[in-house]
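Numbering (the numbering used here), first residue to last: 5 to 255.
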């Protein structure tokens, strides 16, 4: 009887210690995002902020202040940038300028090839206002599906502007005027929205409100619910100002 009590007490202590170690230890199974993320060594916040992460893609927000240079850094490739707040850029490779004081507008996007650290790639904000960027980086080297998703998103009430279309992304710009709705539509699979000019938005699914008059700020991002269930979606601008967002379809 004494042995049984001692044994039970010993096992309980071991379990407590095991649980404590598990809680205090880092998660060894946590995903290592470092190979997808940029590091701007000259900035006070060189790693920025991860604003979305799933099995297909990671979104990273970075802000470059006026007069700041990012510092020499690499790019992983399979990546686009989206300007939430644009501005004037200058860029260098090694000790040579690639371009000087070129302007990128709010909402402008571009493709980034892989750039090794040895290339000496560096960019600087040569304007008077902060530049805010979101990088969209794919995790898979190959397209998600064997067949490319080449269909552009269509909204019945809005003409979407095509900004970029290549082997990995379709990027479209959406502008909603005050009181305007997209019109009921089915979403493509594997899409992200990135808000450039936020505002007051309502959303419907199959004709029923999902939310009403919700304020969505510039720089907000989200994963789009796909139409696998056969549902119909639409959003409307319920405010007094124009709303602009970028729709990114992953291939």
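For each residue, glycine too, the CB sits at the ideal point set by N, CA and C.
List the endpoints of the continuous beta strand (DSSP E) containing residue i.
| i | result |
| --- | --- |
| residue 119 | Careful: residue 119 lies outside any beta strand (DSSP E) and carries neither H nor E. |
| residue 139 | 135-142 |
| residue 126 | 125-129 |
| residue 208 | 203-209 |
| residue 250 | 247-254 |
Starting from residue i, follow its DSSP beta bridges and name the residues at the other end.
| i | result |
| --- | --- |
| residue 185 | 240 |
| residue 225 | 198 |
| residue 168 | 175 |
| residue 108 | 91 |
| residue 220 | 203 |
| residue 40 | Note: residue 40 sits in no beta bridge, so no partner. |
| residue 2 | Limits of the chain in this structure are 5 at one end and 255 at the other, which puts residue 2 out of reach. |
| residue 97 | 100, 125 |
| residue 212 | 209 |
| residue 180 | 247 |
Let me make sure I understand the geometry here. Which of the options has the alpha-carbon closest to that of residue i?
| i | options | result |
| --- | --- | --- |
| residue 183 | 145, 210, 239, 135 | 239 |
| residue 235 | 220, 73, 214, 86 | 214 |
| residue 243 | 48, 237, 216 | 216 |
| residue 208 | 187, 71, 51, 155 | 187 |
| residue 185 | 49, 159, 195 | 159 |
| residue 165 | 178, 155, 173 | 178 |
| residue 226 | 138, 127, 49 | 138 |
| residue 255 | 49, 44, 175, 75 | 175 |
| residue 75 | 63, 51, 85 | 51 |
| residue 108 | 97, 241, 252, 136 | 136 |
| residue 162 | 35, 249, 41, 53 | 249 |
| residue 71 | 84, 46, 64 | 46 |
| residue 125 | 40, 218, 241, 44 | 44 |
| residue 40 | 49, 65, 48 | 65 |
| residue 181 | 54, 212, 201, 145 | 201 |
Next item on the list: Could you say if the stretch 172-191 and the stretch 218-236 meet the contact criterion of at least three C-beta pairs nearer than 8 angstroms?
Entry: Three or more pairs of CB atoms, one per stretch, sit closer than 8 angstroms, so the stretch 172-191 contacts the stretch 218-236.
*asked:* Ignoring anything shorter than 4 residues, give me the alpha helix (DSSP H) runs that lie fully in the stretch 55-93, in order along the chain.
replied: Listed in chain order, nothing qualifies, since the stretch 55-93 has no complete alpha helix (DSSP H) run of 4 or more residues.
- Between the stretch 131-140 and the stretch 84-103, do at least 3 Cβ pairs fall closer than 8 angstroms? yes
Review point. With contact counted as at least three CB pairs below 8 angstroms, one residue from each stretch, are the stretch 63-80 and the stretch 107-121 in contact?
Key: yes
Could you tell me whether the stretch 48-59 touches the stretch 99-108, where touching means 3 or more Cβ pairs closer than 8 angstroms?
no
Taking contact to mean at least 3 C-beta pairs separated by less than 8 angstroms, is the stretch 161-177 in contact with the stretch 216-229? No, because fewer than three Cβ pairs between the stretch 161-177 and the stretch 216-229 fall closer than 8 angstroms, the two stretches do not touch.
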